[in-house]
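There are 6 protein chains.
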Amino acid sequence: MIAFISRRESFSSSHRVALPNLSDKENMKLFGACSNKNGHGHNYILEITIKGKVNPKTGYVIDLKEVKEIMHQNFLKYVDHKNLNLDVDFLKGINPTTENIAIACWNKLNPHFKKSAKLFSIKIFETDKNFVEYRGE
Amino acid sequence: MIAFISRRESFSSSHRVALPNLSDKENMKLFGACSNKNGHGHNYILEITIKGKVNPKTGYVIDLKEVKEIMHQNFLKYVDHKNLNLDVDFLKGINPTTENIAIACWNKLNPHFKKSAKLFSIKIFETDKNFVEYRGE
Amino acid sequence: MIAFISRRESFSSSHRVALPNLSDKENMKLFGACSNKNGHGHNYILEITIKGKVNPKTGYVIDLKEVKEIMHQNFLKYVDHKNLNLDVDFLKGINPTTENIAIACWNKLNPHFKKSAKLFSIKIFETDKNFVEYRGE
Amino acid sequence: MIAFISRRESFSSSHRVALPNLSDKENMKLFGACSNKNGHGHNYILEITIKGKVNPKTGYVIDLKEVKEIMHQNFLKYVDHKNLNLDVDFLKGINPTTENIAIACWNKLNPHFKKSAKLFSIKIFETDKNFVEYRGE
Amino acid sequence: MIAFISRRESFSSSHRVALPNLSDKENMKLFGACSNKNGHGHNYILEITIKGKVNPKTGYVIDLKEVKEIMHQNFLKYVDHKNLNLDVDFLKGINPTTENIAIACWNKLNPHFKKSAKLFSIKIFETDKNFVEYRGE
Amino acid sequence: MIAFISRRESFSSSHRVALPNLSDKENMKLFGACSNKNGHGHNYILEITIKGKVNPKTGYVIDLKEVKEIMHQNFLKYVDHKNLNLDVDFLKGINPTTENIAIACWNKLNPHFKKSAKLFSIKIFETDKNFVEYRGE
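Chains as they are written, first to last, in the working numbering: chain A, 1 to 137; chain B, 1 to 137; chain C, 1 to 137; chain D, 1 to 137; chain E, 1 to 137; chain F, 1 to 137.
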């Protein structure tokens, strides 16, 4: 039997949505208030979904303590209470849109899951009104 | 890389779930309190999901400002603070169940999206306990 | 020892904010979209707070089953799935603003509580962004 | 036209995640605080999704009153305000992980839906951070 | 300048609302499903409010890291993933109603706050519909 | 009859909690991750409460459209999508803790309310777990 198990964690980061080769004025035209020169910030929510067989002995797809550890060690500790443009190595040179954060998160977390309980989806909520899902495709 | 981007907006409307060719008594039997003659109402939430390639230059599937504009100009301005049975041209003659509102919303919004960032799903939450998803199928 | 115990319930109603002696145009000027002629609606939340001594034997201020019964029999059954302008006797001739709904609710519920566990506050949430509290003063 | 309709209900239960053939110490090692000998508890949320054709006459996939009745009669009344290890016949001998609760819920509810409006998904939220989805596969 | 600062944490516990000198039948009559013999459980939320002067140097009433430590060391670690009737020394012989949990929490936390930033209120949410506030009076 | 009416709005800002006369190391010791040199950010919620007589003619304490306008023109437009340390004139030289943001917000909004419907409370939620209330005392 196949089940999907999900875990939500939050992180509080600042960012500026902007392209380095554009002027402030051009960025403002393209990205609006999101490209404010000194940045702004969000309480992001990361929702990760794992798909796998329910282990008939334990009744788990995967132990969520293990999932939390993977999330923390490979993503959350690098982004929580950080500036996504300046402080995060794996986002260097990447415009930190919600789409790009979700893709970067997938790339950081995916190698740590096995075939038997594989990463199915990454959702990043920028606010409770805006969110992006990436499924590794 | 393909991502799904979603936006939530709310609207506050009144409606009556009823069939015009039935008596009040027959409607009450079929639809219960939802067919109260003078109507009732909800704070609906519309959650729209767009599927598309992440633009490698901007890092966007689509600019949410554009999505919000499409939602407002083609759906929200017609239903927010309105009576869904009496005030909305594109719902005329349609029983305003959550299912039918979701389908009507799809039909109003879908023409405004392109192949590169196409409408994937419409979710309408009637309350935080009842909701419907329609994917254009 | 004095504690405050609260219970939340929801109701789904339609209403029109308008004064009977004004024209539709004047009402629209005064109340905006809230005075739409055919009404609109909300999922209201009623949050009621009771203040009283904690009974040293039972550990209760009051049994919430009793509170729920009072809420249902004296208020919720009259307003849920109703039109607040047309269907509710105790709102007849009253402009159904959130303020007036809260006051009417207080007046309906207050006689059913005793001195030992008295009604302290009525909160009505019209949406998750707008709410009113009335404390009987 | 095919739509997905969902309903959320909650239930408050206690449980202990543990395997009967292991010692308390071994269970604590495998399941951590979730295997506390005297149990702990949650406000679970059950979110059920039905997939089906929208009936062109009524505008319903299925009447949610019917869905609520199926949920209550076949699952909720057995688990709400109960101990999942000791009080629930259909969980006897089953480790009450969220995965296993979701599967058991599917098995109890699925026979009561027809092909025209079939059970599509069971989601069980153990907390607002942990949840499992099962689709009968 | 005086401000109120609040912190929310959750804990997942089982309990049984019952009086030891009553039979199961009498408890069921008095407390209903809440006295189910084998218990049930909740995701409780503890919301604590501290009142004090804003320190003109730091801009803090109190450092929330300190508040979290007080909450964890003196209350949360004793109740989270525990059975409130059997596992918690400071609730021994106390009927674990929400009122009594709030009072016990106040008594455990209050000695750890100083006059300059004193405990103002303890709120315990049993569910998102039921909650109790205690202010030490 | 006196009622309290509240309105919630959100704003997304970056900030750094730090004292200008301290070194980065000293700030990190005093404020922890909140003093990360390049900042971090939040989706703040501003909840404002007005206390006043319910106008017997309109049924309003105050028109929420007016409240929203005051909130936007005097506070939200200066902080939303901004860096609270660098972009906001009325926070210049002020350590942007939640307490200080609440006080600054009170000072900006209070002059725009009248005695008949006066500002009663400013709540700022930094996250859904941390919030501060200021009542002008």
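Ideal Cβ placement from N, Cα and C applies to all residues, glycine included.
Computed from a prediction, not measured in an experiment: that's the story for all the values here.
Environment of residue i [buried if 16+ CB atoms lie within 10 Å]
i	result
Ala-104 (chain B)	buried
Ser-116 (chain C)	exposed
Asn-21 (chain E)	exposed
Glu-126 (chain C)	buried
Glu-137 (chain B)	exposed
Ile-2 (chain C)	exposed
Lys-123 (chain F)	buried
Ala-33 (chain B)	exposed
Gly-93 (chain E)	exposed
Phe-90 (chain F)	exposed
His-72 (chain C)	exposed
Pro-96 (chain A)	buried
Partners in chain E for residue i, counting only beta-carbon separations shorter than 8 Å
i	result
Ala-3 (chain C)	Glu-99, Ala-102, Ile-103, Val-132, Glu-133 and Tyr-134
Nearest-angstrom beta carbon gap, residue j and residue i [assumed within contact, 8 Å]
i	j	result
Phe-131 (chain C)	Ser-6 (chain F)	5 Å
His-145 (chain B)	Asn-36 (chain C)	In the structure displayed, chain B extends from 1 to 137; residue 145 (chain B) sits before or after that span and is not available.
Asn-139 (chain F)	Asp-87 (chain A)	Nothing can be reported for residue 139 (chain F): it is not among the residues displayed for chain F, which extend from 1 to 137.
Leu-76 (chain E)	Glu-9 (chain E)	6 Å
Asn-43 (chain A)	Asn-100 (chain F)	Incorrect: roughly 19 Å between the Cβ atoms, too far for contact.
His-40 (chain B)	Gly-41 (chain C)	6 Å
Chain-ordered neighbours of residue i on chain C, where CB pairs are closer than 8 Å
i	result
Gly-123 (chain F)	According to the sequence shown, residue 123 (chain F) is Lys rather than Gly. Near Lys-123 (chain F) there are no residues of chain C at all, since even the closest Cβ is about 12 Å away, more than 8 Å.
Glu-137 (chain E)	Met-1 and Ile-2
Beta-carbon spacing of residue i, residue j below 7 Å
i	j	result
Phe-120 (chain E)	Thr-49 (chain E)	yes
Glu-47 (chain C)	Phe-4 (chain F)	no
Val-67 (chain E)	Val-61 (chain E)	no
Lys-108 (chain B)	Asn-74 (chain B)	yes
Lys-51 (chain B)	Lys-118 (chain B)	yes
Phe-11 (chain C)	Val-79 (chain C)	yes
Proximal residues of chain A, C-beta to C-beta of residue i below 8 Å
i	result
Lys-65 (chain B)	Gly-32
Asn-36 (chain F)	His-81, Lys-82, Asn-83 and Asp-87
Residues that residue i contacts on chain E, provided the C-beta gap is smaller than 9 Å
i	result
Ser-6 (chain D)	Residues of chain E passing the Cβ test: none, with the nearest at roughly 18 Å.
Per-residue contacts from residue i into chain B (C-beta, under 8 Å)
i	result
Lys-129 (chain A)	Arg-7, Arg-8 and Glu-9
Closer than 6 Å: residue i CB and nearest the ligand NAD heavy atom
i	result
Ile-122 (chain E)	In terms of ligand content, the structure shown is empty, and the ligand NAD therefore cannot be addressed.
key: Under 9 Å (Cβ pairs) to chain C, residues found in the region 80–97 of chain E   = Ile-94, Asn-95, Pro-96 and Thr-97
message = Along the region 38–59 of chain D, where does the CB come closer than 8 Å to a CB of chain E? Name the residues.
response = Answer set for the region 38–59 of chain D: Asn-38, Gly-39, His-40, Gly-41, His-42 and Asn-43.
key: Within 7 Å of chain B by C-beta, residues of the region 12–27 of chain A in sequence order   = From the region 12–27 of chain A, no residue has a Cβ closer than 7 Å to chain B.
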